[in-house]
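Here's the structure, in structure tokens; my notes come after.
In this note's numbering, the protein residues as written are 8 to 142.
This is the structure in structure tokens:
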């Protein structure tokens with residue numbers, strides 16, 4: 008299964024070259040991750056996210072422009088003992104053209120004791136629903 012997030016780009020996200028600045032791609036990935044976690048119930052009762060971002064990566068395929076509507080596809084690439092890797096694809100909503108590909112490694116983290124923790128069985132089940140099988 009793939010989780011979808013829709014974003015419309017804004018003028019303030021552009022740069023002097025007239026396209027969306029590279030930093031904004033990471034903001035789009037972050038919004039997609041937050042939507043994914045909220046929609047799948049991966050948030051603590053306190054409303055906090057019990058994960059730290061260990062790494063981020065973006066591969067730019069095509070330029071994105073102001074007032075373009077994007078669809079970000081989010082899926083699970085790997086599940087480890089205390090971490091998981093999410094894949095992100097940014098597509099143009101109208102043409103479905105692939106514009107960027109990203110990855111984020113998230114680590115389960117106990118905010119009170121300040122250390123990594125094992126992923127719970129409940130969390131694993133939620134993540135497994137979004138594992139994308141490689142072709």
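Glycine included, C-beta positions come from ideal geometry on N, C-alpha and C.
query: If residue 88 and residue 125 are in contact, beta carbons under 8 Å, what's the gap, nearest whole angstrom?; result: 6 Å
query: So, residue 98 versus residue 81, is the Cβ gap smaller than 8 Å?; result: no
query: Out of 44, 14, 48, which has the shortest C-alpha to C-alpha gap to residue 32?; result: 14
query: Are the CB atoms of residue 133 and residue 48 nearer to each other than 8 Å?; result: yes
query: Between the C-alpha atoms of residue 71 and residue 18, what's the straight-line distance to the nearest angstrom?; result: 12 Å
query: Could you tell me which uninterrupted beta strand (DSSP E) segments, each at least 3 residues in length, are contained entirely in the segment 18-68, listed from first to last along the chain?; result: 58-67
query: Report the option in 68, 127, 85, 43 whose CA atom is closest to the CA atom of residue 191.; result: No information on residue 191 is available, as it lies outside the stretch 8 to 142 that the chain covers here.
query: For residue 110, list the residues DSSP reports as bridge partners.; result: 64, 94
query: Measure from the alpha carbon of residue 65 to the alpha carbon of each residue in 128, 107, 118, then state which is nearest.; result: 107
query: Counting C-beta neighbours from all protein chains within 10 Å, is the total for residue 39 16 or more, i.e. buried, or is it exposed?; result: buried
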